[in-house]
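Visitor: Before I ask anything, here is the structure I am working with.
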Amino acid sequence: MCICDSFFLIYVEMKKNILIILTALCSFIANSEENPKFDIYGQIRTDLFYNSRENVESVDGLFYSYPKNVLPDANDSDLNDNDNSNMYLLYSRLGFNVSNIKLASANATAKVEFDFRGSGSTLSVARLRHAYLNLDWGTPSVLIGQTWHPFYGEVAPQILNLNMGSPYQPFSRAPQVRFRYKKNKLQFTATALWQSQYLSNGPDGKTNKYLKNSCVPELHIGLDYKKGSLIAGFGVDFTSLTPRTQATVGDNIYKVNERISTFSHEIHAKYTTPLWYFAAKSVLGSNLTQASMLGGYGVKSIDPITGEQKYTPNRNSSSWINAVYGNKWKVGVFMGYLKNLGTNDAVSKMYGTGVDVDQLFTGSAEITYNIPHWKIGIEYNYTSAWYGDLNNKNGKIINTNAVHNNRIVASAIFTF
C-alpha cells in the first residue's frame, strides 16, 4: 500500500467517525424543546519530546509513564539504554458545546469532543474523548455519556506532559452515569462506570471483558467542599472483575467462577489565585489499571482439579503535588511518588501493570508563555523507577535496582 493510499484511508475513517458523532448529536437536538446554541472550540497542538531511555509508554511515546527496566544482551549491555525523540500533532482536537436545551423540567447541556490519537497502535485517526448529555435541575444533576473518571475529577496538575501526572494521577475517560447533588458548599457525586478506551489488565492483557463478564459496573462515590478558590474532597471506588470464565488443566477445559473485588480511595485539594495554582492528590489504589495506574492482583490459590483461581489485590500508594506561578510567563514544578505496598496474602504470580516496580519518583519543572489563544512552553522531567523480584509471601518487591530517564517536552498550543 502506498503512502497516498494510507492517507486516503485515514481520511475516510476520520470522516466516518465525525459524521457518526454529528448525526447522533443533531438527532438529540432536533427533539429538544428549545433553539439550541452551538459553541465550537478546539486546539492545534504540537508536541516534541526527547527521552534518554526507552520507557513504558503509549501513543508512540507521547503518553509517557516511567523508564523500562534493564534488559541485558549477550554482552551484558542494556538493550533499553537508548535515547529517542519524535514530534506529533495527534492531540489536536475539536469539540462542540450545546446549550439552551430544555428537556422536561431540566436545563440540558451536551458535549462532543474528539482528537486524532486513534486507538492502540493505530494513530492519526479520530477518537472520541467526551460525549455526554447533562440534565440539571439546579441542585441535582444527572450526566449520561463519556467523560473523565471521577478519580481524575476537578483536581489535576498543570503540566505540559500529556500524561497529566499519570501514573501518580488517575487518568481515564469512561462511559458512565453520574448523579451529582450540590448543597451550599458541598457537592456529592455517585457514579457507575464502564470501560471503553481505558481498560483493566489481567490474564489476557488489557481488555474490557473482565468488567463485561463481571456484570457489575465500577462504582464511585465522592464528596467535595468548595469555597471560593478552594476545592477539597475525597472519593471511594469499587471495582469487581471476572478475570477468567474457563481454565485448562491438562487436556481438560473447565468452566470456572472467578472474581476479584477491590476498593480504592483518594483525597485531593486545589487552591488558585490570579497568580498561584496549588494542587495535590493522594491515592490508595487497588487494581486501578483502568485508570492508567500501576497495580493489579495476584493468584493466592488454585483448585487442583478445575484450575479455578482465587485472587488478592496488589495495593499501591501514590501522591503528587503541583505548584504554578505567573500569568503571561508561568513557571511550575511537579513531584510525584508511588510505592508498591504488596498484597495481604501470599501469591504465586501477579497480573497487572508495573507489578515488578517497587517505587517511582518523578520531579519536573517547566516554563510557559501564555497569551490569548496561545501557549508555548518547555518542560524537563526526571523519573526514577526501582525494579526488583517478587516476594511471594506478601507480594512486595525486593532486591531492587533503579533506572532513570530524562525527558524534555516542548509544546506549542493554539486554542480557539
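One point on numbering: in my numbering, the residue at position 176 of the sequence shown is 583, and numbering is uninterrupted. Virtual Cβ for every residue (Gly too), placed ideally from N, Cα, C.
Identify whether T807 lies in helix, strand or coil by the three-state DSSP scheme.
Guide: strand
Visitor: Let me check understanding here. Comparing Cα to Cα, which of P711, G802, V663 lies closest to T851?
Guide: Look at the range of the chain in this structure, 408 to 823, and you will see that residue 851 is not part of it.
Visitor: The alpha helix (DSSP H) that contains K735, what's its start and end?
Guide: From DSSP, K735 is part of no alpha helix (DSSP H); its letter is neither H nor E.
Visitor: Buried or exposed: where does M494 fall if 16 or more other Cβ atoms within 10 Å of its Cβ makes it buried?
Guide: exposed
Visitor: Keeping to the same chain, check which residues put their C-beta closer than 6 angstroms to that of V816; ignore five residues upstream and five downstream.
Guide: F456, L567, N568, E786
Visitor: Taking Cβ positions only, does Y588 come closer than 8 angstroms to chain D?
Guide: Within the model displayed, chain D is absent; a lone protein chain is all it includes.
Visitor: With distances taken between CB atoms, is the gap from P564 to F741 smaller than 8 angstroms?
Guide: yes
Visitor: Going by beta carbon distance, what residues of the same chain come within less than 6 angstroms of S506, once the five residues before and after it are set aside?
Guide: K444, T516
Visitor: Buried or exposed for F415, please, with buried defined as at least 16 other CB atoms from any protein chain shown within 10 angstroms of its CB.
Guide: With a pLDDT of only 39 at F415, under 50, the local geometry of the prediction cannot be trusted, and the value read off the model is given with reservation. F415 is exposed by the Cβ-count criterion.
Visitor: Does the count of Cβ pairs from the segment 631 to 643 and the segment 714 to 728 closer than 8 angstroms reach three?
Guide: no
Visitor: Based on Cα-Cα distance, which residue from Y661, F641, T775, N458 lies nearest to D710?
Guide: Answer by Cα proximity: Y661.
Visitor: With a threshold of 8 angstroms, are at least 3 pairs of Cβ atoms found where one atom belongs to the segment 546 to 566 and the other to the segment 651 to 668?
Guide: no
Visitor: State the start and end residues of the unbroken beta strand (DSSP E) segment that holds S671.
Guide: Taken as a continuous stretch (DSSP letters only), the beta strand (DSSP E) holding S671 covers 667 to 679.
Visitor: Determine the closest residue to S459 out of T652, A698, T646, N813, with distance taken between C-alpha atoms.
Guide: N813
Visitor: Please list, in chain order, all residues of the same chain as N504 whose beta carbon is under 6 angstroms from its beta carbon, the five residues on each side excluded.
Guide: Correct list, in chain order: D446, K518.
Visitor: Compute the beta-carbon to beta-carbon distance between S833 and Q697, rounded to the nearest angstrom, for a pair I have assumed lies under 8 angstroms.
Guide: Residue 833 lies beyond the stretch modelled for the chain, which goes from 408 to 823, so this question has no answer here.
Visitor: Could you pull the start and end residues of the beta strand (DSSP E) that K633 belongs to?
Guide: 625 to 634
Visitor: State buried or exposed for F823, treating a residue as buried only when at least 16 other CB atoms are found within 10 Å of its CB.
Guide: exposed
Visitor: Please state whether the Cβ-Cβ distance between S904 and I674 is less than 8 angstroms.
Guide: Residue 904 lies beyond the residue range present for the chain, which begins at 408 and ends at 823; the question has no answer from this structure.
Visitor: Taking the Cβ atom as the reference point for each residue, do S708 and L691 lie within a distance shorter than 8 angstroms?
Guide: no
Visitor: For T769, which residues from the same chain have a beta carbon less than 6 angstroms from its beta carbon, with the 5 sequence-adjacent residues on both sides left out?
Guide: G743, T790
Visitor: Under 7 angstroms Cβ to Cβ from F780, same chain only, skipping five residues before and after it: list those, please.
Guide: Contrary to the premise, residue 780 reads as His rather than Phe in this sequence. Closer than 7 angstroms at the Cβ level, and outside the excluded window around H780, lie F821, T822, F823.
Visitor: Report the partner residues of N620 according to the DSSP bridge assignment.
Guide: In the DSSP output, where bridge partners are listed per residue, N620 has none listed.
Visitor: Spatial neighbours of G449 within its chain, please: CB distance less than 8 angstroms, with the 5 preceding and 5 following residues excluded, ordered by chain position.
Guide: Same-chain partners within the cutoff: S499, R500, L501, G502, T822, F823.
Visitor: Look up V764 in the DSSP assignment and say whether it is helix, strand or coil.
Guide: strand
Visitor: Does the distance from the C-beta atom of Y605 to that of R585 stay below 8 angstroms?
Guide: no
Visitor: Can you tell me whether A817 is helix, strand or coil according to DSSP?
Guide: Strand, per DSSP.
Visitor: Where do the N-terminal and C-terminal ends of the beta strand (DSSP E) with G612 fall, by residue?
Guide: Run containing G612: none; DSSP gives neither H nor E here.
Visitor: Is T719 helix, strand or coil when you go by DSSP?
Guide: strand
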